[in-house]
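Numbers given in this note's numbering equal positions in the sequence shown, counted from 1, plus 106. Think of the CB as a built atom: it goes at the ideal place given N, C-alpha and C, for glycine as much as any other residue. None of the values given here were measured: they were computed from a predicted structure. Following: one structure in structure tokens, then a few remarks.
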Amino acid sequence: WRLGPDVADLGYSVVAPDLRGHGASPHGEDYRLESYRDDVLALGGDWDLVIGHSQGGAVATLCQLADSGFARRLVLLDPVVDIADPEDALEWLMEPFLVPITEAQIAAGHPRWHPEDVAFKVRALLATSPEVLEMTIRQNHRPFDGSITDLDVPTLLVGADPEVDALVSKERGEAMAAANPLVEYVIIPGAGHSLHRDDYLVLWAAIEPFIL
């Protein structure tokens with residue numbers, strides 16, 4: 107509700123697809139990252155900019171590797187880089203479903219979030235299911251972070267603060283940037299994996315110069 111309008115204000119036309127099993131898209135049984143990738147590639151290519159958070163960052167990366175004309179630049183927000191321990195990942199992802207999914211519950215667990223972020227998170231959780239998350243984890247149990255080092259377009263890799271809650275460690279982020287001169291790595295201090303909710307203004311200050 108903030109990032110899309112801010113990007114649009116810079117002159118971009120913004121498209122925000124619902125991935126399979128998310129939002130208004132149908133559920134199914136195939137949640138391999140390659141299938142998510144193919145869904146997105148079916149929407150077309152030649153995008154000026156693609157922004158992906160978490161799983162969306164992994165999908166954007168795979169799209170670019172499959173089609174060099176997919177995007178002219180990428181912004182990856184604490185993307186999934188591997189699923190080393192599926193049980194740990196499931197425990198983390200299932201946590202919101204262990205309690206009633208209400209705005210009060212989400213707000214209590216995330217006091218820094220804007221009320222709109224809380225409301226959107228509740229809607230997002232209610233639009234998916236624990237089964238979708240579990241199948242996504244179990245069908246993608248392998249490392250694939252090396253693919254970021256193979257990207258052929260300017261890429262801003264935005265990491266969450268490892269001291270809070272980050273999928274991309276500082277060491278891995280720095281290593282990926284060192285291995286590919288097109289990749290720039292920055293950390294949003296004090297922000298966890300939901301960095302666009304934890305500290306949006308600092309995040310936008312990092313993204314805006316890259317996409318102007």
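Candidates the options: closest to residue i by CA position
i: aspartate 144; options: Cys169, Val228, Val181; result: Cys169
i: alanine 297; options: Asp184, Leu180, Ala210, Ala114; result: Asp184
i: isoleucine 189; options: Ile207, Arg248, Ala266; result: Arg248
i: leucine 171; options: Ser275, Ala213, Val259; result: Val259
i: glutamate 197; options: Ala214, Pro236, Val165; result: Pro236
i: tryptophan 153; options: Leu307, Gln161, His159, Arg178; result: Arg178
i: leucine 307; options: Gln211, Val205, Trp219, Pro192; result: Trp219
Euclidean distance between Cα positions of residue i and residue j
i: phenylalanine 176; j: leucine 147; result: 8 Å
i: alanine 225; j: glutamate 209; result: 6 Å
i: serine 329; j: alanine 230; result: The structure shown does not extend to residue 329, since the chain spans only 107 to 318, so no value can be given for it.
i: threonine 167; j: threonine 261; result: 10 Å
i: glutamate 314; j: proline 202; result: 31 Å
i: serine 253; j: leucine 139; result: 13 Å
i: valine 181; j: tyrosine 291; result: 10 Å
i: threonine 255; j: arginine 108; result: 29 Å
i: aspartate 305; j: glutamate 135; result: 35 Å
i: proline 221; j: alanine 213; result: 8 Å
i: isoleucine 243; j: alanine 311; result: 32 Å
i: leucine 257; j: alanine 266; result: 21 Å
i: proline 268; j: alanine 195; result: 16 Å
N- and C-terminal bounds of the beta strand (DSSP E) containing residue i
i: glutamate 290; result: 289-293
i: leucine 168; result: That residue, leucine 168, is in no beta strand (DSSP E); its alpha helix (DSSP H) goes 161-172.
Other residues of its chain near residue i: CB distance less than 6 Å, five sequence neighbours each side excluded
i: isoleucine 317; result: Leu155
i: leucine 319; result: In the structure as shown, the chain begins at 107 and stops at 318. Residue 319 is therefore absent and cannot be evaluated.
i: valine 270; result: Gly298
i: methionine 241; result: Tyr137
i: isoleucine 157; result: Val181
i: alanine 233; result: Gly129
i: glutamine 245; result: Tyr137, Arg138
Secondary structure of residue i, DSSP reduced to three states
i: leucine 182; result: strand
i: valine 274; result: coil
i: tryptophan 153; result: strand
i: aspartate 267; result: coil
i: threonine 261; result: strand
i: aspartate 321; result: Nothing about residue 321 can be reported from this structure: the residues present for the chain run from 107 to 318 only.
i: glycine 130; result: Before going further, note that residue 130 is alanine rather than glycine in the sequence given. Alanine 130 falls in the coil class under three-state DSSP.
i: alanine 177; result: strand
i: glycine 158; result: strand
i: aspartate 305; result: coil
i: aspartate 194; result: helix
i: glycine 296; result: coil
i: proline 206; result: coil
Cutoff 7 Å; reference residue i; Cβ partners in own chain excluding five residues on either side
i: glycine 110; result: Val120, Ala122
i: alanine 114; result: Val120
i: leucine 149; result: Pro123
Terminal residues of the alpha helix (DSSP H) in which residue i lies
i: alanine 213; result: 209-215
i: glycine 110; result: 109-115
i: threonine 242; result: 236-244
i: leucine 125; result: Where leucine 125 is concerned, there is no enclosing alpha helix (DSSP H), given that its DSSP letter is neither H nor E.
i: aspartate 256; result: Taken as a continuous stretch (DSSP letters only), aspartate 256 belongs to no alpha helix (DSSP H), as it is neither H nor E.
i: alanine 225; result: 221-233
i: tyrosine 118; result: Note, tyrosine 118: premise wrong, no alpha helix (DSSP H); not H, not E.
i: valine 146; result: 139-147
Own chain, CB closer than 8 Å to residue i, minus 5 neighbours either side, in chain order
i: aspartate 173; result: Leu147, Gly151
i: isoleucine 207; result: Val228, Leu231, Leu232
i: alanine 281; result: none
i: serine 141; result: Arg126
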